[in-house]
């Protein structure tokens, strides 16, 4: 190499790793993504979805003038209630899931038996469409309703009467919820931007606490502790501290359009440290589902759907999530659960329970306690109990019913038409015991007499029936001789009967001859 040349080296920049288009999922996102979604189509706009609070947690979907119940296990419809004169706006299960209330835009609230779906009560006093109906969580006797007339009513369901009216809203009342810790306290949200906290014990129609959301309120829910509420309106979800006098805690504005519905759901037992923690789920007209952790004030999961979303529901056992859309499709999602997890979910399925409760043994009721005498039919007997069994109701045949009514001739004809020889002989023996058989035979018409002759011809020569039927045959021929001579059909039956008897006589004679031959041989063989 020549000494005058200088070697040059150029620095090479390291290659930058390309960023993944799909960001890494957090553990909680994986949990919510584990729900497998299935569409339930062919409905009309679904403004309300509500789950039964007791297993197996079926859910009710309001669409058009119909309320449809679906199984949370199979996601298939189990019943349809269509006794509404207008579009159904809202529905609510009672805490024991025995009653189901639903409201429609005609201003009527109906209460149904959740099992038979029969209407039990009709509550009508709203002059405008009813938008909100709700059974208090800790109260089985009352019902809350509100609507476009800006009135909130507290009903006694059994009496079908309004116990109290709460006046204070200045626009449509669209939503509400009851306290999970106090049966006398509930909230309502209105298009006047205000959410009010009411106490049934305060009779002057004044709200205890009120907060201004800043936009028409579409939904409002209590959080499990009972001291905080979440409200939805505009593109924001806000958290309020009721114990602190209605202080705003946080405002989540991650939606692009109006937030239409909220629900509170619990993370399943198999999620490590965050198991059994509650999350707020919100849906909006932008088609997004947002999951919000109100403990850390952050959105932990987001999901997009291809239509504006109107309602959302989440089952108490953490296995099913349903979302209703404006185009009549329900996006129902199921999560596979392990057997051990199912047992834990049953223990902690109560909505307001924050942490799982350890399983405790059921206390034994003793006869000295008054609850011992108020046990239901589902109570299992103990080893020393004496069981008083209710006799099963026996379904009687037609001829038995006629015998009980002392309609003897009709009973005989009915059993002859059944063509069952055991039943016929049983009825005849009963008539003999009542001394009515010959009278019934004498009163039979010609057509019914043919039935009797056919039966006698077929069975009178059978050994197990012959002791009664041979004597009856002789009496029938003597008593109804004139009718037999006058009817060709009866003469034909008599001729057939005669041939059967003669054939039986020949068979018996042949058997006696065989017996006479075999008997001496048997005596010789026995010596």
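Residue numbers (this note's numbering): 1115 to 1641. Backbone N, C-alpha and C fix where the C-beta goes; we use that ideal spot for every residue, glycine too.
Membership of residue 1637 in the alpha helix (DSSP H) is indicated by the continuous run 1602–1640. Judged by DSSP secondary structure, residue 1213 falls within the beta strand (DSSP E) whose first and last residues are 1213–1218.
Partner residues in the beta bridge of residue 1246, as assigned by DSSP, are 1260. Boundaries of the beta strand (DSSP E) harbouring residue 1177: 1173–1177, taken from the DSSP string. The DSSP-derived three-state label of residue 1390 is coil. In the three-state reduction of the DSSP assignment, residue 1314 falls in the coil class. Below 8 Å, too few C-beta pairs join the stretch 1315–1322 and the stretch 1362–1378 to call them touching: fewer than three.
Residue pairing of residue 1599 in beta bridges, as defined by DSSP: absent, with no partner found. Around the C-beta of residue 1348, 16 or more other C-beta atoms lie within 10 Å, and the residue is accordingly described as buried.
In terms of Cβ geometry, residue 1205 and residue 1216 form a close pair [threshold 8 Å]. If you ignore the 5 residues before and after residue 1524, its C-beta comes within less than 8 Å of the C-beta of 1516, all in its own chain and listed in chain order. Judged by beta-carbon spacing, residue 1171 lies within the 8 Å limit of residue 1429, meaning their Cβ atoms are closer than that value.
For the 8 Å CB-CB criterion, residue 1302 and residue 1327 do not form a contact. For the 8 Å CB-CB criterion, residue 1537 and residue 1529 form a contact.
Each residue's CA atom was taken as its position, placing residue 1422 and residue 1440 some 6 Å apart. Residue state for residue 1486 is assigned as helix, using DSSP reduced to three classes. Scanning its chain for C-beta atoms nearer than 8 Å, with the 5 sequence neighbours on each side dropped, one finds around residue 1495 the residues 1501, in chain order. Within 10 angstroms of the beta-carbon of residue 1594 lie 16 or more other beta-carbons, which makes it buried. Cβ-Cβ separation between residue 1304 and residue 1285: approximately 5 Å, consistent with a contact (criterion under 8 Å). In the DSSP assignment, residue 1412 falls outside any alpha helix (DSSP H) and lies within the beta strand (DSSP E) extending over 1412–1418. Inclusion of residue 1539 and residue 1579 in the CB contact set at 8 Å is warranted, their separation being smaller than that value. With a 10 Å radius around the Cβ and a threshold of 16 neighbouring Cβ atoms, residue 1253 comes out buried.
Annotated as distal: residue 1162 and residue 1173, with beta-carbon spacing of 8 Å or more. Residue 1333 counts as buried, since no fewer than 16 other beta carbons sit within 10 angstroms of its beta carbon. Listed as beta-bridge partners of residue 1151 by DSSP are 1447. In this structure, the beta-carbon distance from residue 1278 to residue 1247 does not fall below 8 Å. When secondary structure is reduced to three states using DSSP, residue 1554 falls in the helix class.
For the set 1260, 1242, 1599, the Cα lying nearest the Cα of residue 1282 is the one of 1260. Only residues of its own chain outside the window of five on either side were considered, and among them 1213, 1225, 1226, 1227 have a CB closer than 8 Å to the CB of residue 1234, listed in chain order. Going by DSSP, residue 1540 is part of the alpha helix (DSSP H) stretching over 1535–1547. Per DSSP, residue 1402 is one residue of the beta strand (DSSP E) stretching across 1402–1407.
Here DSSP, grouped into helix, strand and coil, assigns residue 1570 to helix. With fewer than 16 other CB atoms across the displayed protein chains lying within 10 angstroms of its CB, residue 1581 is exposed. Here the stretch 1141–1150 lies against the stretch 1405–1417, with 3 or more beta-carbon pairs under 8 Å apart. In the DSSP annotation of this structure, residue 1288 is not part of any alpha helix (DSSP H); the continuous beta strand (DSSP E) holding it starts and ends at 1287–1292.
The beta strand (DSSP E) runs lying completely inside the stretch 1319–1398 and spanning 3 residues or more are 1323–1326, 1331–1336, 1342–1347, 1350–1355, 1361–1366, 1373–1380, 1392–1398, given in chain order.
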